[in-house]
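Q:
Residue numbers (this note's numbering), protein chains in the order written: chain A, 87 to 319; chain B, 302 to 585.
In structure tokens:
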């Protein structure tokens, strides 16, 4: 399985360089600008990292790797697991990159951790929805569905941000407001200065959300394995 | 009991417009078997079924004694496979491919791989997409031979190569089965290659096994008779595999024993047998 992940990383090498460059630029803008924009920039690199396993599947399709790979000492289950693991590794790398930039620029780390943790959860949810679809239909046919799945939360976030901006009275912190909208669980923070207690409550909600997304990812993995087991090459 | 490297019993696989029908054959360990058939005869389907890449409808396939539907990683360690194309990611270089394979195969042997790479003259710093077809095939063969496999399965692996390289590679296979534990299955339509190295030959046409036996027995059993168009009808019908007529006369593939004394017969080669058996199917 390690060999498969190495293969994917080699395949994704160009994207990874781009990913690091974009990650750094966006994080810098986010931290320097010190507004809610920062969070959505981090979001972008994390979502980018969730996309890469799908790109890896499309590389495999193009090279017809699976037909060859399955003759090697790697089971079908491991072949699928490698893609999920790749997603987790890349998301973790994206999160670390965000933290590094955040630290470097002395951003508010509590806020940072909250946002990154939640976005990691969103990444896991993305992968959970996308990978079974991609295994079932192939990357070519799944493209439109993928686009919809990716755009939908962005539109929601944007709508949320817009709503937040409109309800802002001078001096209100927007990030907490955004977080509230994004996590859904604590959506009802409206224009009030967030207290420390509230943040920890928020953090707990986010942790639960991310934990749940990991569970969903495991279920998704089992579904993908059962789809992949039936495939012929 | 003979220990079989490959053992197929009544294997059936149905596609739209093609059916692999009740295929059975065995390959004893220590031997090379040639799988001969025209394009589309079912050679690749058999190989994919054996390796569990596609699933059979019915029948029984054993590879190194294990059910091919659930080949464990330990068994797959002992199998080397070469397909008619290389399926390596196009952007990778040799070194990178080796790194991937060394992390997949427990028994990956760097020294052996390095030896084949230099023997085949493959460049280190060129992406696979810039390899010629021959170079890609050589790379696949080098990979299949570099993890201590006991069974090599080659699907049209020599078809893109020039005669000199083909000969080199056939010699490597002959070398490989010097170890009596090792076996090779090689599918091809280049019958001369198979004639050179195979111990066993299996003819397949239109999804059915026409014959499967020791090469020498097959070659002894059949003869090509040349005569006039009138005379050809005197050949015993049930012993005649196929007949070809042209304006100069006629040719028939028939069992050597059944050739009447006054007929001119010459030993059949694998190519003749392939031509006549395939033709027989087409006539129906």
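Beta carbons: idealized from backbone N, C-alpha and C, even for Gly.
Can you find a CB in chain B that lies within less than 9 Å of the CB of residue 171 of chain A?
A: To locate residue 171 of chain A, count along the first chain from 1; it is residue 85. Output row for residue 171 of chain A: interface = no.
Q: Spatial neighbours of residue 307 of chain A within its chain, please: C-beta separation below 6 Å, excluding the five flanking residues on both sides.
A: Residue mapping note: residue 307 of chain A aligns to position 221 of the first chain, counting from 1. Excluding positions up to five away in sequence, the list reads 170.
Q: Spell out whether any CB of chain A is found under 9 Å from the CB atom of residue 583 of chain B.
A: As a first step, residue 583 of chain B must be located in the second chain, where it is residue number 282. Because residue 583 of chain B carries a pLDDT of 45, less than 50, the predicted location of this residue cannot be relied on, and no value is offered for it.
Q: Measure the CB-CB distance between residue 423 of chain B and residue 443 of chain B and report whether it falls below 9 Å.
A: Against the second chain, residue 423 of chain B aligns to sequence position 122. Against the second chain, residue 443 of chain B aligns to sequence position 142. Taking 9 Å as the Cβ cut-off, residue 423 of chain B and residue 443 of chain B qualify as a contacting pair.
Q: Taking the alpha helix (DSSP H) that residue 464 of chain B falls in, what are its first and last residues?
A: The residue given as residue 464 of chain B occupies position 163 in the second chain. Unbroken alpha helix (DSSP H) run through residue 464 of chain B: 464–477.
Q: In this structure, does DSSP put residue 426 of chain B in helix, strand or coil?
A: The residue labelled residue 426 of chain B in the question sits at position 125 within the second chain. Here residue 426 of chain B sits in coil by DSSP.
Q: Please tell me whether residue 241 of chain A has its Cβ less than 9 Å away from any Cβ of chain B.
A: The count along the first chain starts at 1 and reaches residue 241 of chain A at position 155. With 9 Å as the cut-off, residue 241 of chain A does not count as an interface residue toward chain B.
Q: In three-state terms, what does DSSP make of residue 577 of chain B?
A: Stepping through the second chain from its first residue, residue 577 of chain B is reached at position 276. Three-state result, residue 577 of chain B: helix.
Q: Based on the DSSP output, what are the partners of residue 512 of chain B in its beta bridges?
A: Counting from 1 along the second chain, the entry for residue 512 of chain B is found at position 211. Answer is B:504.
Q: Please state whether the Cβ-Cβ distance between residue 526 of chain B and residue 562 of chain B is less than 9 Å.
A: Numbered from its first residue, the second chain carries residue 526 of chain B at position 225. Numbered from its first residue, the second chain carries residue 562 of chain B at position 261. No.
Q: Cutting at 6 Å between CB atoms, please list the residues of its own chain near residue 545 of chain B, excluding the five before and the five after it.
A: Start at 1 with the first residue of the second chain, and residue 545 of chain B comes out as number 244. So the qualifying residues of the chain are 552.
Q: In the DSSP output, which residue or residues are listed as bridge partners for residue 550 of chain B?
A: The residue labelled residue 550 of chain B in the question sits at position 249 within the second chain. DSSP, once it has assigned bridges, lists B:547 as partnering residue 550 of chain B.
Q: Does the segment 380–387 of chain B come close enough to the segment 454–468 of chain B to have 3 or more Cβ pairs within less than 8 Å?
A: Judged by Cβ distances under 8 Å, the segment 380–387 of chain B makes contact with the segment 454–468 of chain B, as three or more pairs qualify.
Q: Looking at the C-beta of residue 318 of chain A, does it have a partner C-beta in chain B at a distance below 9 Å?
A: As a first step, residue 318 of chain A is located in the first chain; it is residue number 232 there, counting from the start. At least one chain B Cβ lies under 9 Å of residue 318 of chain A.
Q: Around the C-beta of residue 316 of chain B, are 16 or more other C-beta atoms found within 10 angstroms, so that it is buried, or is it exposed?
A: For the purposes of this step, residue 316 of chain B is taken as residue 15 along the second chain, with counting starting at 1. Burial call: exposed.
Q: Step through the CB atoms of chain A and report whether any lies within less than 9 Å of the CB of residue 324 of chain B.
A: Translated into the one-based positions of the second chain, residue 324 of chain B becomes position 23. Not one chain A Cβ lies under 9 Å of residue 324 of chain B.
Q: Give a yes or no on whether 9 Å exceeds the smallest Cβ distance from residue 177 of chain A to chain B.
A: The residue you call residue 177 of chain A lines up with position 91 of the first chain. Closer than 9 Å: no.
Q: Against chain B, which members of the segment 136–165 of chain A pass a CB distance test of less than 7 Å?
A: Flagged, chain order: 145, 149, 150, 151, 153, 154, 156, 157, 158, 159, 160 and 161.
Q: With burial defined as no fewer than 16 other Cβ atoms inside 10 Å of the residue's Cβ, what is the status of residue 395 of chain B: buried or exposed?
A: Within the second chain, the letter at position 94 stands for residue 395 of chain B. Classification of residue 395 of chain B: buried, given that the 10 Å Cβ count is 16 or more.
Q: Output yes if chain C places a C-beta closer than 9 Å to the C-beta of residue 246 of chain A; else output no.
A: Note that chain C does not occur in the displayed structure, where the protein chains are A and B.
Q: Please return the same chain residues whose Cβ sits closer than 7 Å to the Cβ of residue 270 of chain A, not counting the five positions on each side in sequence.
A: By one-based count along the first chain, residue 270 of chain A stands at place 184. In this prediction, residue 270 of chain A has a pLDDT of 44, which is less than 50 and means its spatial position is unreliable; what the coordinates show is noted afterwards. None.
Q: Rounding to the nearest angstrom, what Cα-Cα distance links residue 245 of chain A and residue 238 of chain A in this structure?
A: Sequence index remark: in the first chain, residue 245 of chain A carries index 159 (1-based). Sequence index remark: in the first chain, residue 238 of chain A carries index 152 (1-based). Approximately 11 Å, taken between the alpha carbons.
Q: Within 10 Å of its beta-carbon, does residue 298 of chain A have 16 or more other beta-carbons around it, so buried, or fewer, so exposed?
A: Here residue 298 of chain A corresponds to residue number 212 of the first chain, with the count starting at 1. It counts as exposed.
Q: Give the residues of chain B in contact with residue 93 of chain A, contact being defined as C-beta atoms less than 7 Å apart.
A: In the first chain, counting from the first residue as 1, residue 93 of chain A sits at position 7. Ordered by position in chain B, the residues that pass the 7 Å Cβ test against residue 93 of chain A are 390 and 401.
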